[in-house]
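Residue numbers (our numbering): 7 to 75. Backbone N, C-alpha and C define an ideal beta-carbon position, used for all residues, glycine too.
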């Protein structure tokens, strides 16, 4: 059985995520968060190391999607 932990985000961001996922295959903020984190981890594992530039590129993409301020 998979164990879980809690990740906290600001309520205003959670509300924006809820609006964003309407009409998508994501059922919840948790679904989207798992998808995004999994994507970052996979990218890191493929390259063997996530450089600061790569991290900033990912962060910029997330900002553009409204997930980061």
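Inter-residue spacing [alpha-carbon to alpha-carbon] between residue 35 and residue 51: Here residue 35 is taken as the residue at index 29 of the chain shown, counted from 1. Here residue 51 is taken as the residue at index 45 of the chain shown, counted from 1. The alpha-carbon atoms of residue 35 and residue 51 are separated by roughly 24 Å.
Going by beta-carbon coordinates alone, are residue 27 and residue 38 separated by less than 7 Å? As a position in the chain shown, residue 27 is number 21, starting the count at 1. As a position in the chain shown, residue 38 is number 32, starting the count at 1. Yes. Within cutoff.
Kindly give me the distance between the Cβ atoms of residue 56 and residue 49, rounded to whole angstroms, as I take these residues to be in contact under 8 Å. Here residue 56 refers to the residue found at position 50 of the chain shown. Here residue 49 refers to the residue found at position 43 of the chain shown. So it is a contact: roughly 7 Å between Cβ atoms.
Tell me whether the beta-carbon of residue 72 lies closer than 7 Å to the beta-carbon of residue 22. Position 66 of the chain shown holds residue 72. Position 16 of the chain shown holds residue 22. Contact flag set, yes.
CA-CA distance, residue 25 and residue 15? In the chain shown, the residue the question calls residue 25 occupies position 19. In the chain shown, the residue the question calls residue 15 occupies position 9. Rounded to whole angstroms, residue 25 to residue 15 spans 15 Å at the Cα level.
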